[in-house]
Amino acid sequence: MSVDRPATVDVCIVGGCGRVGLPLGIAFAARGLSVVLYDINADAVATVNAATLPFAEAGAAEPLAEAVAAGRLRATTDPASVGVSEHLVVVVGTPVDEHLNPDLGAVPRALERCAEHLRDGQLIVLRSTVYPGVTALTEKLLTGKGVHADVAFCPERIAEGHAMTELFALPQIVAARTPEALARAEKLFRHLTDRIVPLLPEEAELAKLFTNTWRYIKFATANQFWMMANDFGLDFARIRHAVAYDYPRAADLPMPGFAAGPCLFKDTMQLAAFNRNNFVLGHSAMLINEGLPLYLVSRLEDRFDLASSTVGILGMAFKGGSDDPRESLAYKLRKILALKTRETLCTDPYVADERFVDLDEVLRRADLLVIAAPHEQYARLDTDKPVIDMWGLTGQGVRV
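In structure tokens form, the structure reads like this:
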């Protein structure tokens with residue numbers, strides 16, 4: 000049953016202290032809206048209320064401090080906070096399980112935790128990437144609890160590290176079942192951008208999955224091309240330059256590298272599950288991208304005596320310039336190398352881990368260096384040790 004009380008806050012974000020929810024809250028607050036961030040992570044809540052970012056996000060520190068100081072943004076662990084807002088935005092992780100099946104209950108569970116505080120007349124916006132049909136499932140859940148609220152699906156499309164630019168620069172997909180809900184969601188996101196793309200919820204759910212899967216497949220294509228060139232003794236960087244140079248139709252061919260992180264792989268698997276696991280292209284991309292650490296180590300075994308070598312892994316985040324290690328394939332690389340080498344050392348300038356050592360120590364002790372995350376610090380290493388760089392970061396080619 001819903002709570003009948005007037006709204007005193009413009010926006011409440013469930014999961015509001017995470018890497019998607021917090022930048023969104025800061026962006027709304029920067030545009031003058033009052034924002035409360037509901038999160039079950041008490042440490043993150045305390046950090047945000049101290050006007051400090053709990054993770055790295057370019058351009059977010061100053062507007063966070065301004066919003067907290069002005070009283071436009073605060074964080075809380077109190078679930079009752081969801082009932083004081085006109086707009087409730089749900090941002091929670093939507094993982095796949097150990098069998099690569101989507102977790103359809105992630106969003107409903109988040110709403111169940113605060114269901115007693117929901118209020119008639121609210122606009123509930125699903126922001127997470129979801130399995131097609133979860134918006135309809137949410138509508139059914141709310142109806143079953145007697146909550147008369149509008150529901151919209153407005154997926155995030157930001158890249159970590161670029162949120163404070165892309166939230167304002169990218170078009171926003173807005174989807175709802177009724178004209179009233181669509182109009183309310185559009186009005187909310189016009190605080191951030193004038194470019195709105197209206198869709199039906201199921202169209203928008205697929206649009207987000209297609210977006211991430213397309214990127215994952217592009218990375219797999221580049222990785223497969225790299226392996227082909229590599230096995231033939233050729234430098235893919237030179238070939239790619241020739242393919243893409245002043246040739247717009249090939250301009251989006253990426254360089255090779257670990258395609259990892261919390262989104263692309265799991266969203267490709269969500270799309271596969273949606274299509275009754277009849278997704279050969281997606282599953283092939285998974286085999287290529289997830290198999291890249293194994294391929295890399297096999298190439299190293301051909302060139303080096305790993306059993307008597309100390310190997311240094313440079314970068315443990317899932318991408319360059321990030322402090323986010325979630326689903327990073329650098330950890331998979333470490334596990335494989337631990338079975339093959341005398342010793343494996345790991346370092347990262349952004350990721351805190353007591354098992355890591357300083358870069359200088361890695362450069363001193365390692366016989367061989369592998370760039371696993373293309374942090375800019377590794378572009379000009381002062382070392383005479385062999386450096387394995389599949390990213391092209393050093394400009395010395397990518398042949399292994």
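Numbering-wise (numbering that gives the first Met the number 0), the sequence shown opens with residue 0 and increments by one.
Glycine included, every Cβ here is placed at the ideal spot set by N, Cα and C.
Note that the structure is a prediction, hence the values are computed from the model and not measured.
{"Query": "Helix, strand or coil: how does DSSP classify Pro197 here?", "Result": "strand"}
{"Query": "Under a three-way DSSP split, which group does Thr212 fall into?", "Result": "helix"}
{"Query": "Please state the DSSP three-state secondary structure of Arg325.", "Result": "coil"}
{"Query": "Please work out which residues of its chain come closer than 8 angstroms, Cβ to Cβ, to Glu155, disregarding the five sequence neighbours upstream and downstream, and give them in chain order.", "Result": "Val19, Leu23, Val90, Arg126, Ser127, Thr128"}
{"Query": "Provide the residue(s) that pair with Gly311 in DSSP beta bridges, ordered along the chain.", "Result": "Leu344, Leu368"}
{"Query": "Would you please state the rounded distance, in angstroms, between the beta carbons of Cys11 and Ala43? I believe it to be under 8 angstroms.", "Result": "At roughly 16 angstroms, the Cβ-Cβ gap does not stay under 8 angstroms, so Cys11 and Ala43 are not in contact."}
{"Query": "Could you check how far apart the C-beta atoms of Phe317 and Leu291 are, in whole angstroms? I think they sit under 8 angstroms.", "Result": "Phe317 to Leu291, Cβ: 13 angstroms. No contact."}
{"Query": "Under the three-state reduction of DSSP, which class applies to Glu353: helix, strand or coil?", "Result": "coil"}
{"Query": "Whole angstroms are fine: how far does the CA of Ala365 sit from the CA of Val133?", "Result": "49 angstroms"}
{"Query": "Entirely within the stretch 144-169 and at least 3 residues each: give me those beta strand (DSSP E) ranges in chain order.", "Result": "149-152"}
{"Query": "In the DSSP assignment, find the unbroken beta strand (DSSP E) run with Glu185 in it and report its ends.", "Result": "Here Glu185 belongs to no beta strand (DSSP E); instead the alpha helix (DSSP H) covers 178-188."}
{"Query": "Given that a residue counts as buried once 16 or more other Cβ atoms are within 10 Å of its Cβ, and exposed if not, what is Leu293?", "Result": "exposed"}
{"Query": "According to DSSP, is Glu202 helix, strand or coil?", "Result": "helix"}
{"Query": "Spatial neighbours of Met0 within its chain, please: C-beta separation below 6 angstroms, excluding the five flanking residues on both sides.", "Result": "Confidence at Met0 is low in this model, with a pLDDT of 48, below 50, so its placement is unreliable and the value that follows should be read with caution. Excluding sequence neighbours, Met0 sits near Gly145."}
{"Query": "Out of Ala206, Phe27, Trp390, which one is the CA nearest neighbour of Phe235?", "Result": "Trp390"}
{"Query": "Thinking just about the alpha-carbon of each residue, which of Asp357, Leu358, Ile387, Arg379 is nearest to the one in Leu367?", "Result": "Ile387"}
{"Query": "Measuring straight from C-alpha to C-alpha, what distance separates Thr210 and Arg363?", "Result": "42 angstroms"}
{"Query": "Can you tell me whether Arg183 is buried or exposed, with buried defined as 16 or more other CB within 10 angstroms of its CB?", "Result": "buried"}
{"Query": "What number of angstroms, rounded off, separates the C-alpha of Ile370 from the C-alpha of Ser33?", "Result": "43 angstroms"}
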